[in-house]
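Chemist:
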Amino acid sequence: MDKESVQATSPKAYDQVLEYLKTLIKNKDISYGGKIPSERELMETLRISRNSVREALRILEHTGVLESRHGKGNFLVNRMGESLSSVFSMLVLMEESNYREVNQLRSVLEKQAYVQASALISEEGKEKAGAIINRMENGDLEERIRSDHELHHLVFEYSQNRLLILLTDALSEIIRSEGEVVLRQAASIDTEEWIALHKNIAICLIEGNIQEGLLALEEHYEWLERDIKM
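What the sequence shown shows, in UniProt numbering, is residues 1 to 230, in sequence order.
This is the structure:
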């Protein structure tokens with residue numbers, strides 16, 4: 001293996017590029033959506049090879065930090081949620097985790113989000129929650145499924161915690177394939193109880209009744225866990 005190949009896969013080169021970009025962000029020299037220095041500029045500034053720069057940029061692109069645009073260069077983006085989703089998916093595929101564990105983690109995250117959302121939700125948010133339940137009560141099966149997703153998304157949205165939102169979005173993509181089957185079964189067979197449970201979650205959120213709302217969430221996730229496959 002030649003020196004150039006060793007440099008191309010060197011963690012040190014990746015760290016150098018990452019730390020340099022962090023410095024540029026801290027100094028307000030670049031921001032999300034902005035173009036980062038060219039490969040040549042990075043080579044000259046950091047004194048590393050072109051292969052090392054390209055390898056580092058590829059790693060950053062895979063982690064959702066950069067986007068390469070043909071003929072234009074590399075731009076700073078925030079797609080780390082997509083990267084996290086891929087990581088979680090691989091863990092499940094490699095049987096290092098499973099859908100039940102994903103559901104349990106999402107339950108923990110949503111309970112924290114619910115506490116924060118109860119204190120921070122606006123009047124507009126309360127109206128949205130009421131409208132979601134109205135659609136759930138009066139809609140068909142597909143509408144009930146959509147309303148379920150909307151209500152849980154609303155809880156995270158009004159928590160105003162970007163990390164909670166990032167994590168749950170990544171987890172939601174994984175649980176959807178398995179959880180959708182369970183949701184459809186619950187929404188079609190146990191319709192009245194299912195709607196009542198979500199209505200309770202929404203009403204407690206609107207009224208700021210945290211303890212009752214958390215109990216309703218706990219029941220919701222226990223319901224999912226009962227039927228979800230490993």
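Where a beta carbon is used, it is the ideal one built from N, C-alpha and C, also for glycine.
1. Which residue spans inside the region 82 to 111 form an unbroken alpha helix (DSSP H) run of at least 4?
2. From the DSSP secondary-structure annotation, give me the bridge partner or partners of S68.
3. Let me know the secondary structure DSSP gives K28 once reduced to three states.
4. Just the C-alpha distance for E19 and V65, rounded to the nearest angstrom, thanks.
5. Straight-line CA distance for L214 to L120?
6. By the DSSP assignment, the alpha helix (DSSP H) with K128 in it spans what residues?
7. Could you give the residue range of the alpha helix (DSSP H) that holds R144?
8. Classify V17 as buried or exposed, calling it buried when 16 or more other Cβ atoms lie within 10 Å of its own Cβ.
9. Please state whether the Cβ-Cβ distance between A13 and E55 is less than 8 Å.
10. Taking just the CA atoms, how far does R58 sit from I48?
11. Hey, is the region 196 to 213 in contact with the region 121 to 138, meaning 3+ C-beta pairs nearer than 8 Å?
12. Just mark R40 as buried or exposed, buried being the case when its beta carbon has 16 or more other beta carbons within 10 Å.
13. For I210 and H70, I'd like the C-alpha separation in whole angstroms.
14. Would you call M136 buried or exposed, if buried means 16 or more other Cβ atoms sit within 10 Å of its Cβ?
15. Going by the beta-carbon positions, is the gap between Y114 and L217 smaller than 8 Å?
16. With 16 as the cutoff for other CB atoms within 10 Å, does A196 come out buried or exposed?
17. Beta carbon of residue 231, beta carbon of S159: below 8 Å?
18. Under 7 Å: does the beta carbon of E44 sit that close to some heavy atom of the ligand ATP?
19. CB-CB under 7 Å to R106, same chain, minus the five flanking residues each way: which ones, in chain order?
20. What residue does the alpha helix (DSSP H) around I201 start on, and which one ends it?
Modeler: From the atom records:
1. Here no run is fully enclosed.
2. Answer is N74.
3. In the structure shown, K28 adopts coil according to DSSP, grouped into three states.
4. Near 13 Å, if we compare the C-alpha coordinates of V65 and E19.
5. The alpha-carbon of L214 is positioned some 16 Å away from that of L120.
6. Per DSSP, the continuous alpha helix (DSSP H) segment holding K128 begins and ends at 123 to 138.
7. For R144, the enclosing alpha helix (DSSP H) covers residues 141 to 157.
8. Buried, because 16 or more other Cβ atoms sit within 10 Å of the Cβ of V17.
9. Their beta carbons are under 8 Å apart, which means A13 touches E55 by this criterion.
10. Looking at the two C-alpha atoms, the distance is approximately 15 Å.
11. Contact between the region 196 to 213 and the region 121 to 138 is present, because at least three Cβ pairs lie under 8 Å.
12. Here R40 is exposed. Its C-beta has fewer than 16 other C-beta atoms within 10 Å.
13. Approximately 50 Å, taken between the alpha carbons.
14. Buried is the call here.
15. When the beta-carbon positions are compared, Y114 and L217 come within less than 8 Å of each other.
16. Under this definition A196 is an exposed residue.
17. The requested residue 231 is not part of the displayed model; the chain covers only 1 to 230.
18. Judged by which ligands are present, the structure shown has none, so any question about the ligand ATP falls away.
19. Hits under 7 Å: T168, L171, I175.
20. 191 to 207 is the span of the alpha helix (DSSP H), which, as asked, contains I201.
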